[in-house]
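*Asks:* Just so you know, the sequences run in chain order A and B.
Just so you know, the working numbering puts 79 at position 79 of the first sequence, and the rest follows in order with no gaps.
If you count the second sequence from 1, you need to add 1000 to reach the working numbering.
Glycine included, every Cβ here is placed at the ideal spot set by N, Cα and C.
What you are looking at is a predicted structure, and each value in this text was computed from that prediction instead of being measured.
Once you've had a glance at the structure underneath, I'll fire off some questions.
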Amino acid sequence: ILNVEQSPQSLHVQEGDSTNFTCSFPSSNFYALHWYRWETAKSPEALFVMTLNGDEKKKGRISATLNTKEGYSYLYIKGSQPEDSATYLCASLAGNNRKLIWGLGTSLAVNP
Amino acid sequence: GAVVSQHPSRVICKSGTSVKIECRSLDFQATTMFWYRQFPKKSLMLMATSNEGSKATYEQGVEKDKFLINHASLTLSTLTVTSAHPEDSSFYICSAQTGTGGSKEHFGDGTRLSIL
């Protein structure tokens, strides 16, 4: 994988559902993986910066896991709420480049 | 904490005009600021990396004479789109970082630039 790919592109869930989406990134020269949350008309907000293989981070109902060997990260949202509706972006940082490569994002809509 | 202010939020101007966009870190000192551009349905594209007191590092394909970046202090970076044309219409967003490449980026709200 040369680029950062996110799936699905968009997701509609009902309030209370738990959901997850995927970020795939180049595993060679891996340095860090960033997750951001971008609400409409607001600035992107940093959720997690992950560096270690097997790492799991949690912030409230949102958690993320990281597999640097196979080049993927999962973002989980437990008990989705309407306020979770946003685009979730991941970005990979390679050690030899040191600039973030961004995915297209997963657009999440949580219906009340 | 870690608030980044970007101004203006929207600009509409005639072709040939130069437009300056400011990016300020309000409550922290940013060692590095980044300027991104986003085309519709595309991912954020890094244009340049800016460090205080030094020349910006531009990404391949980004014209440095077209997109002038000044990072005069640890809290302010500016992007000037010189002699803007309709193809420069886009969403421009800045971010600021306090640490090294593994640190979080703190984003401004972005600037929607429309050139008529």
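Does DSSP put residue 5 of chain A in a helix, in a strand, or in coil?
*Replies:* Residue 5 of chain A falls in the strand class under three-state DSSP.
*Asks:* Between which two residues does the beta strand (DSSP E) holding residue 1014 of chain B run?
*Replies:* Per DSSP, residue 1014 of chain B belongs to no beta strand (DSSP E) and is neither H nor E.
*Asks:* Please report how far the alpha carbon of residue 99 of chain A lies from the alpha carbon of residue 12 of chain A, in whole angstroms.
*Replies:* The straight-line gap from Cα to Cα measures roughly 31 Å.
*Asks:* At what residues does the beta strand (DSSP E) containing residue 34 of chain A begin and finish?
*Replies:* First-last of the beta strand (DSSP E) with residue 34 of chain A: 30-38.
*Asks:* Select from B/1004, B/1060 and B/1113 the residue whose C-alpha is nearest the C-alpha of residue 1080 of chain B.
*Replies:* Closest option to residue 1080 of chain B, Cα to Cα, is B/1113.
*Asks:* Considering only the beta carbon of each residue, do residue 7 of chain A and residue 27 of chain A sit closer than 9 Å?
*Replies:* In this structure, residue 27 of chain A does not lie closer than 9 Å to residue 7 of chain A by Cβ.
*Asks:* According to DSSP, simplified to helix, strand and coil, what is residue 1063 of chain B?
*Replies:* It is coil, neither helix nor strand.
*Asks:* Do the stretch 1012-1026 of chain B and the stretch 56-74 of chain A make contact, defined as three or more Cβ pairs closer than 8 Å?
*Replies:* Verdict: no, contact absent.
*Asks:* Roughly how many angstroms lie between the CA atoms of residue 49 of chain A and residue 60 of chain A, to the nearest whole one?
*Replies:* For residue 49 of chain A and residue 60 of chain A, the distance between alpha carbons rounds to 15 Å.
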